[in-house]
Each structure stands twice: as structure tokens, then as C-alpha cells.
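The block underneath contains the structure these notes are about, expressed in C-alpha cells.
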Amino acid sequence: MRFSRRALAAGITALMLAAAPQVSFAQGYPTKSITLIVPAAAGGPTDTVARLLAEAMGRTLGQTIVVENVGGAGGTIGMARVAKAAPDGYTIAVWHIAHATAPSLYDNLKYDVVKDFDHIGRITDAPMTLVSKTALPMKNAGELLDWIRAEKDKVTYGHAGVGSASHLCALMLMKELGVRMTGVAYRGTGPAMGDLLGGQFDVMCDQTTNTTNQIKDGKIKGYAVTIKTKVSSLPELPTLDSGFIKGFDVSAWHAIWAPKGLPKDATDKLVAALQAGLKDQKVIDRLASLGAAPVPLEQATPQALASHLAAEVPRWGEVIKAAGVKGN
Ligand code: ASP
Numbered sequence: 001m002r003f004s005r006r007a008l009a010a011g012i013t014a015l016m017l018a019a020a021p022q023v024s025f026a027q028g029y030p031t032k033s034i035t036l037i038v039p040a041a042a043g044g045p046t047d048t049v050a051r052l053l054a055e056a057m058g059r060t061l062g063q064t065i066v067v068e069n070v071g072g073a074g075g076t077i078g079m080a081r082v083a084k085a086a087p088d089g090y091t092i093a094v095w096h097i098a099h100a101t102a103p104s105l106y107d108n109l110k111y112d113v114v115k116d117f118d119h120i121g122r123i124t125d126a127p128m129t130l131v132s133k134t135a136l137p138m139k140n141a142g143e144l145l146d147w148i149r150a151e152k153d154k155v156t157y158g159h160a161g162v163g164s165a166s167h168l169c170a171l172m173l174m175k176e177l178g179v180r181m182t183g184v185a186y187r188g189t190g191p192a193m194g195d196l197l198g199g200q201f202d203v204m205c206d207q208t209t210n211t212t213n214q215i216k217d218g219k220i221k222g223y224a225v226t227i228k229t230k231v232s233s234l235p236e237l238p239t240l241d242s243g244f245i246k247g248f249d250v251s252a253w254h255a256i257w258a259p260k261g262l263p264k265d266a267t268d269k270l271v272a273a274l275q276a277g278l279k280d281q282k283v284i285d286r287l288a289s290l291g292a293a294p295v296p297l298e299q300a301t302p303q304a305l306a307s308h309l310a311a312e313v314p315r316w317g318e319v320i321k322a323a324g325v326k327g328n
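Here the working numbering is used: the sequence shown runs in plain steps of one and ends on residue 328.
Dropping the structure here:
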């Protein structure tokens, strides 16, 4: 029997392929879509940051990242889900500063915020804003703060659950003003914003990523920003620090976590995708339009997030102890 040279070459290639080990790029992580848990309701600031990043990271990883909102109990329900998920890189979370406050607030927390997670990296540090429903007649931050001092617990404030950034910001504010307002808890400041637009409560302290467009559209009133520098997306707002509450400085950092024990390959790819996302001009521009910015890339690493969290847990522990609040 005789074979043509071409048939012989094709046969040899087929044999080599059959014998090759079953490893290819297509089989490396990730081979299917990734679930990204947002421990707050849809439409809020964490959801906004998470969806923006999910799209960019999904492009780098070559897979869809599906956002799932699991709000409630200041984010601890969603983070418990992540802590218990298989550490295979197919369940991750975008959450924020509340991960650092949870141990001081919840006695029956079902997970250890440091030991039960792999820390992937920080995303952004968003300033916050003091806002109100449009029906309030106050013209500036000074008038609003005087009104809160005078009306005390008659003033209602919306927040995303005990320990959330909006709750912490209000706690700090109440501590400085020496009054207690009446809190109204939501599963996230997305739905809280809906009620503020409808005038169902008076004031809120929330990230610029949720308030910027509503202030600009005149749907809510903005009074001041909570960091010590002005925010470019809302240049008309003064800082609380400048003549209202000296030293006031609260912002909400966001980060990515995964269940403890991720394979190194998955961690490395998630970190690379996060960093690529933070360099993506679309992400940078959208964050800037909402008054936020990506963190410097050296902070978008597992080591930097782990040490940031280790410093934030005791820092907020003291504030929460001084404020005398508990989550359960
Ligand atoms: N920004 C909210 C908070 O107050 C959470 C959210 O809805 O994203 O922490």
C-alpha cells in the first residue's frame, strides 16, 4: 500500500495531537462564567462599581461575569455566601469598607473577614456626599446641620444597613453633631435613593457614585462632600471639613474578595484582570464622571488589600465602640 506525502503528514499530525496531554489555554481558568456577588441591592453604588468592573474584567478573562445582588444585614448575608462558596474562582465578591466594620458590629458573624477570604485587590475609594430630599428648604450645609442639631431624632436618614458606608457616615456625623437621627434601613442605597427621590425620608450620606447624577439633575439636594478635598464631578459642593465639621473625612473603598483557598492560577488571573480593568479608559472615565477614581495599581493587589483590611478592622472598631452601636 502506498501513501501520498500529504496523507502521511496529516496522519502523523493526527497521531501527535491524540497523544498530546489534554492541556490547552481553553481549559485553563476560567472555562465558564463567573458569579460576582454584590452584597447590596441593584442600582446602588457598589452595584455600579461592580458592573463596570465585571464588564471590563470579563473581557480580559474571556468569560462573562454575572452580577448577583445579595443584599441585607449590612452586606453580611452576601459575604457569608462567598465565604462558603467553593474556592474555585467562579464565585467572587465586590464589597466595601463594610467588610472591615462587620466584626465590630455583628456578634454572630458566620465568617472571619480576614481568614475566610482570599483578598484579590482594591478597586476604588469613593467620596461620599451629604444629601437631602428636595422638599427641605435649607440652602447650604450650615443650615442643614443646624436643622439636624435642632430637630434631632425627628430627622430621618436612609442607609444600607448597620455597618454599611452610608450608616457609618451618618454615625460619624451624629457623633460630631451630638444628636441621634432616626435611621431607615434598606438592602442598599439603590432602593434608598428611590425613596429619597420620593421624599420618604430626609437625609442620606452616600457615595458620589450614587448621588452625582441625581444632584446634577436636581432630583435631590447636595450639601457637602465628606472627604477633605473637593470632588471634581460636584465642584459646587464644599467639604464638611471646611468650616462645618473640622477633620471630617469618610470615604468608601471597594475591593474584590474570593473564598479562601483559590488556586494560584485563578488568583493571578483575577488580579491581572482587575488591574487591566482599572487601566481601562472607559472605566476611568465613568468613575471620574461619578466623582471617583481607580486606586493606584499597587493597591490593587492581594497583599495591599490584606494589609489595608488589617488596619481598617481596628480603626473602625474604635469608632463603632465609641458610637455604641451593634448590628444584631
Ligand atoms: N453604598 C451603600 C452603602 O451605604 C451600599 C450599596 O448599596 O452599594 O454602603
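Even glycine gets a Cβ: it sits at the ideal position worked out from N, Cα and C.
| Asked | Found |
| --- | --- |
| Might you give, ordered along the chain, the residues of its own chain that have their beta carbon closer than 8 Å to the beta carbon of A322, omitting 5 neighbours on each side? | K175 |
| If you run the structure through DSSP and keep just helix, strand and coil, what is D47? | helix |
| Between the Cα of T134 and those of L234, D195, A311, spot the shortest distance and give me the residue it belongs to. | D195 |
| Is there contact between the region 210-228 and the region 175-187, where contact requires at least three CB pairs shorter than 8 Å? | no |
| Between the region 300-312 and the region 106-114, are three or more C-beta pairs nearer than 8 Å? | yes |
| Quick check on this structure: which residue in L61, D280, L52 has the alpha carbon closest to the alpha carbon of G28? | L61 |
| On the criterion of 16 or more Cβ atoms from any shown chain inside 10 Å, does V66 qualify as buried, or is it exposed? | exposed |
| Exposed or buried, K154, counting other C-beta atoms within 10 Å across all chains shown (16 or more means buried)? | exposed |
| For Q207 and R122, what's the separation of their Cα atoms in angstroms? | 16 Å |
| Given that a residue counts as buried once 16 or more other Cβ atoms are within 10 Å of its Cβ, and exposed if not, what is Q281? | exposed |
| Applying the 10 Å Cβ sphere with the 16-neighbour rule, what's the burial state of Q303? | exposed |
| Going along the chain, which residues of its own chain have a beta-carbon closer than 7 Å to the beta-carbon of K228, five neighbours each way excluded? | T239, D241, D249 |
| With a threshold of 7 Å (Cβ to nearest heavy atom), would Q371 be considered close to the ligand ASP? | As displayed, the chain neither begins before 1 nor continues past 328, which places residue 371 out of reach and without an answer. |
| How is L36 classed by DSSP in three states: helix, strand or coil? | strand |
| Who are the Cβ neighbours of G163 in its own chain at under 7 Å, not counting the five residues just before and after it? | G74, A98, T101, A102, L105, G327 |
| Do you know how far the Cα of G247 is from the Cα of G317? | 19 Å |
| For D280, which of helix, strand or coil comes out of DSSP? | coil |
| Could you pull out every residue in the same chain whose Cβ sits closer than 7 Å to the Cβ of T301, ignoring the five residues on either side in sequence? | G121, V271 |
| Counting only runs of 4+ residues fully inside the region 146-175, write out the alpha helix (DSSP H) ranges in chain order. | none |
| When you compare the region 181-200 with the region 275-293, are there three or more beta-carbon pairs, one atom per stretch, that lie closer than 8 Å? | no |
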